[in-house]
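Participant:
Numbering (UniProt numbering), first residue to last: 1 to 181.
1. Taking the beta strand (DSSP E) that residue 184 belongs to, which residues open and close that run?
2. Kindly provide the ranges of any alpha helix (DSSP H) runs that are 4 or more residues long and lie completely inside the stretch 4–56, ordered along the chain.
3. Just checking, does the stretch 154–165 make contact with the stretch 81–90 on the three C-beta pairs under 8 angstroms criterion?
4. With C-beta atoms as the reference, is residue 18 less than 9 angstroms away from residue 40?
5. So, under 8 angstroms CB-CB, residue 182 and residue 95 are touching, yes? Tell me the CB distance rounded to an integer number of Å.
6. At what residues does the alpha helix (DSSP H) containing residue 92 begin and finish?
7. When DSSP labels each residue in this structure, what does residue 160 get in the three-state scheme?
8. Identify which residue in 30, 70 and 31 has its Cα closest to the Cα of residue 144.
9. Buried or exposed: residue 85, going by 16 or more other Cβ atoms within 10 Å of its Cβ?
10. When DSSP labels each residue in this structure, what does residue 135 get in the three-state scheme?
11. Does the stretch 53–68 come close enough to the stretch 118–138 to have 3 or more Cβ pairs within less than 8 angstroms?
12. By DSSP's criteria, residue 76 is part of a beta bridge. Which residues make up the other side?
13. With residue 51 and residue 180 assumed to form a contact (beta carbons below 8 angstroms), what rounded beta-carbon distance in angstroms separates them?
14. Under 8 angstroms by Cβ, that's how I've got residue 36 and residue 119 pegged, so tell me the actual separation to the nearest angstrom.
15. With a cut-off of 9 angstroms, does the C-beta of residue 102 fall near any C-beta of chain D?
Next comes the structure, spelled out in structure tokens:
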């Protein structure tokens with residue numbers, strides 16, 4: 001997910017992990033780009049009672065992929081934090097909610113952005129929630145869409161979505177289908 005690294009204070013400490021996701025140190029988020037080490041992040045898909053996914057639109061002020069649709073919430077795992085703790089924190093920070101979460105998958109991602117190697121493990125979660133959502137200032141819109149509506153929108157214009165959303169969605173789509181029935 002290309003979009004998780006521009007969300008907060010660049011001095012925030014992140015755990016550095018090896019290729020087996022074992023913690024081997026810690027450093028600032030800012031140095032992640034300079035030193036190209038592996039970190040961790042989380043992403044969550046949230047289904048409502050009508051089996052629609054909550055997707056958010058990123059603010060125009062975001063450095064990475066502004067004005068694009070994204071998962072309900074996502075972000076870095078801070079140093080000393082578990083994936084589960086991080087996803088609960090991100091959901092609360094970005095949407096102002098608390099919901100039960102279930103781990104769907106954990107994947108390793110590696111890509112180039114601005115000439116730098118970006119490497120991280122992403123834990124992808126599913127949550128269920130149908131109450132009121134309060135978007136933080138990083139997000140400007142909330143939509144509730146069926147999986148088929150999302151498929152159509154991606155096919156029609158994938159550039160409306162962050163690349164990370166599309167990647168994560170494809171990784172867990174079968175599990176989302178099963179959860180929505």
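Even for Gly, the Cβ is constructed at its ideal location relative to N, Cα and C. Because the structure is a prediction, the values reported are computed rather than measured.
Facilitator: Taking the structure as given:
1. Because the chain in this structure spans residues 1 to 181, residue 184 falls outside the shown range and cannot be described.
2. 29–35
3. no
4. no
5. Outside the shown range of the chain (1 to 181) lies residue 182, about which nothing can therefore be said.
6. 83–95
7. helix
8. 70
9. exposed
10. coil
11. yes
12. 41
13. 4 angstroms
14. 7 angstroms
15. The structure shown contains no chain D; it holds only a single protein chain.
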